[in-house]
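Novice: Once you've had a glance at the structure underneath, I'll fire off some questions.
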DNA sequence: GTACATAATATTGTATACAATATAAGTGAA
DNA sequence: TTCACTTATATTGTATACAATATTATGTAC
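Chains as they are written, first to last, in the working numbering: chain A, 1 to 249; chain B, 250 to 498.
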């Protein structure tokens, strides 16, 4: 009996520790470093071309170089970071030629995504997408264009998730991130103001299951991104410490 | 004068060392481990679901776990390997549902690739592609279907390279590898015998710049892959030592 | 001062050591 | 035996130490 009581108490404690305490304490360090860098790049705090020094990141994120290098490699394979052997990692800086290829690839894939989304979108999906549009708009209202840009990308990615095609999601994750870099480098502003309307109209078409209309709207939407860019412009390059200044406060 | 002679001799020696000796000696270890594993999987020596033990690979390839883990992470991001936290890495084993998604994604992307290839294919490109078809056929003639399958994939990838769209190349690299896994798991043979003819016809259309015909042929070709599979079949699982037995000879 | 070669430093690449977790083997009670 | 539990082992996760390479600083000849 005594043993039983003891046993169950231990079970209880184990549960408490695993399900309550651990989530509060756990750091999931590798994901952290990756996410911080990813967000830093997509929020335009890290400009294209910026050198990413490993020990510097080590100090900023309080993890070893092992995890920093893991994060950088992952970002490289997502095409958001370039790693040159023995030279180090840099925030990717797509050339105009590559930018054109990226937008064409998005055109191809996202037209297929919209079609699938029209077929499979549920009521819950629509609500989720609507919420993301609202979040993007609220960022725009606050004048925080960097956040708006990131949330715009999340809307497109969510559409691919709704479409239910894992390879499309995987490919688009990289392409959308690269598009953010392209906009950071080449956009001459203004062109992004109409995004909300376009996203809303797109969602309406998807809700109705109107594949034809949805694809046309997506094509226009992606076309506007290209139109909003001036590929003769050259980008500015920021430094790492400035981009993560908020971590040292 | 004496110094000059010395100086130039050093230059010469440096050049000799860098340009002649190093390429012969160099190992490029990380790429090696990655390539070996990649080829092992695509050549069907490593069956889907196989556990990839890190120290075992360490001994096989004579590099530290650092590089093994690098290679595994890269393979994971190419969707050829699955890594479960604290559980280890496994050769990916796409479910029938994922297989369907993969083939649909290929359909979407490769139709666009063929179109671009029709527009941009040069004489040199045609020669290169023809050579790859011949290599694939010679593997078939020798009854080495594993090599044939790998070379078939390389043909498709080369087509994307000819098309000149980097994101398409990047996405297809993973999708083609995954298709190899799908065929390994679910193919009931026979369906692949007609591959050569289809690749040849495809190349003819591309050479003529006939986008319409090229896309139709590609669509049929990809359709045949799906038709050649039986998604009720369950896969066999091999062990690592057996797959790399040739390294220990 | 400039150009070049050399030395010092900083940065990345790889291997190893230690920690955390999961798996397998062993132990005792019903 | 079978089940729960403990202990031992194996495996993965992370940090650090060392090696190789690149970058910067210094010195010397012209």
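Note that the Cβ used here is the ideal one computed from N, Cα and C, for glycine as well.
#1: If distances are taken between C-alpha atoms only, which option among 293(B), 309(B), 382(B) and 417(B) comes closest to residue 101(A)?
#2: Where do the ends of the beta strand (DSSP E) carrying residue 417(B) lie?
#3: Using the Cα positions of residue 71(A) and residue 391(B), report the straight-line distance between them to the nearest angstrom.
#4: Of all the residues that make up the segment 100 to 118 of chain A, which are near chain B by a beta-carbon distance shorter than 7 Å?
#5: Looking only at its own chain, which residues have a Cβ that is under 8 Å from the Cβ of residue 447(B), when we skip the five neighbours before and after it?
#6: Just list the alpha helix (DSSP H) runs in the segment 117 to 155 of chain A, keeping only unbroken ones of 4 residues or longer that don't cross its boundaries, in chain order.
#7: Where are the beta strand (DSSP E) runs, 3 residues long or more, that stay fully inside the segment 60 to 114 of chain A, in chain order?
#8: Just the C-alpha distance for residue 454(B) and residue 352(B), rounded to the nearest angstrom, thanks.
#9: Taking 6 Å as the limit between beta carbons, can you name the residues of its chain near residue 188(A), skipping five residues before and five after?
#10: Could you tell me if residue 333(B) is buried or exposed, where buried requires 16 or more neighbouring beta carbons within 10 angstroms of its beta carbon?
#11: Mind checking which residues open and close the alpha helix (DSSP H) that includes residue 36(A)?
#12: Residue 326(B) versus chain A: which residues are under 8 Å apart at the beta carbon?
#13: Please determine, among 151(A), 207(A) and 30(A), the residue with the shortest C-alpha to C-alpha distance to residue 163(A).
#14: Got a sec: which bits of the segment 167 to 181 of chain A sit with their beta carbon under 9 Å from any beta carbon on chain B, in order along the chain?
#15: Can you round the beta-carbon distance between residue 378(B) and residue 407(B) to whole angstroms, since I take them to be within the 8 Å contact cut?
#16: Can you tell which of 420(B), 364(B), 428(B) and 398(B) has the C-alpha that lies nearest to the C-alpha of residue 458(B)?
#17: Between which two residues does the alpha helix (DSSP H) carrying residue 222(A) extend?
#18: Between 449(B), 402(B), 410(B) and 420(B), which lies nearest to residue 431(B) when the distance is taken from Cα to Cα?
#19: With C-beta atoms as the reference, is residue 111(A) less than 8 Å away from residue 227(A)?
#20: Between the alpha carbons of residue 81(A) and residue 308(B), how many angstroms are there, rounded?
#21: Return the CA-CA distance between residue 317(B) and residue 326(B), expressed in angstroms with no decimal places.
#22: Can you grab the Cα-Cα spacing for the pair residue 358(B) / residue 51(A), in whole Å?
#23: Mind listing the chain B neighbours of residue 86(A)? Cutoff is C-beta to C-beta under 8 Å, in chain order.
#24: Return no unless some Cβ of chain A is closer than 8 Å to the Cβ of residue 481(B).
#25: To which residues of the same chain is residue 203(A) closer than 8 Å at the C-beta, ignoring the five residues directly before and after it?
#26: What does residue 52(A) pair with, by DSSP beta-bridge criteria?
#27: Which same chain residues, not among the five before or five after residue 94(A), have their C-beta less than 8 Å away from its C-beta?
#28: Using the Cα positions of residue 150(A) and residue 138(A), report the straight-line distance between them to the nearest angstrom.
#29: For residue 476(B) and chain A, any beta-carbon pair shorter than 8 Å?
#30: If we call anything under 8 Å between Cβ atoms a contact, is residue 283(B) one with residue 324(B)?
#31: If residue 328(B) and residue 156(A) are in contact, beta carbons under 8 Å, what's the gap, nearest whole angstrom?
#32: Alpha carbons only, please: which of 302(B), 355(B) and 341(B) is nearest the one belonging to residue 335(B)?
#33: For residue 340(B), which option in 322(B), 355(B), 356(B) and 354(B) has the closest C-alpha, if you only look at C-alpha atoms?
#34: Going by the CB atoms, is the gap between residue 160(A) and residue 172(A) shorter than 8 Å?
#35: Name, going along the chain, the residues of the segment 141 to 167 of chain A whose beta-carbon falls closer than 7 Å to a beta-carbon of chain B.
#36: Hey, would you say residue 122(A) sits closer than 8 Å to residue 43(A), going by beta carbons?
Specialist: For this structure:
#1: 417(B)
#2: Where residue 417(B) is concerned, there is no enclosing beta strand (DSSP E), although the alpha helix (DSSP H) it sits in stretches over 415 to 435.
#3: 44 Å
#4: 101, 102, 104, 105, 108, 109 and 112
#5: 466, 469, 470 and 473
#6: 123 to 141
#7: 81 to 84 and 88 to 91
#8: 22 Å
#9: 230
#10: exposed
#11: 29 to 42
#12: 74, 77 and 78
#13: 207(A)
#14: 167, 168, 170, 171, 174, 175 and 178
#15: 6 Å
#16: 364(B)
#17: 211 to 227
#18: 402(B)
#19: no
#20: 31 Å
#21: 14 Å
#22: 33 Å
#23: In chain order: nothing, as chain B lies at least about 12 Å away.
#24: no
#25: 126, 129, 130 and 133
#26: 89(A)
#27: 48, 102, 178, 181, 182 and 185
#28: 13 Å
#29: no
#30: yes
#31: At roughly 20 Å, the Cβ-Cβ gap does not stay under 8 Å, so residue 328(B) and residue 156(A) are not in contact.
#32: 302(B)
#33: 322(B)
#34: yes
#35: 165, 166 and 167
#36: no
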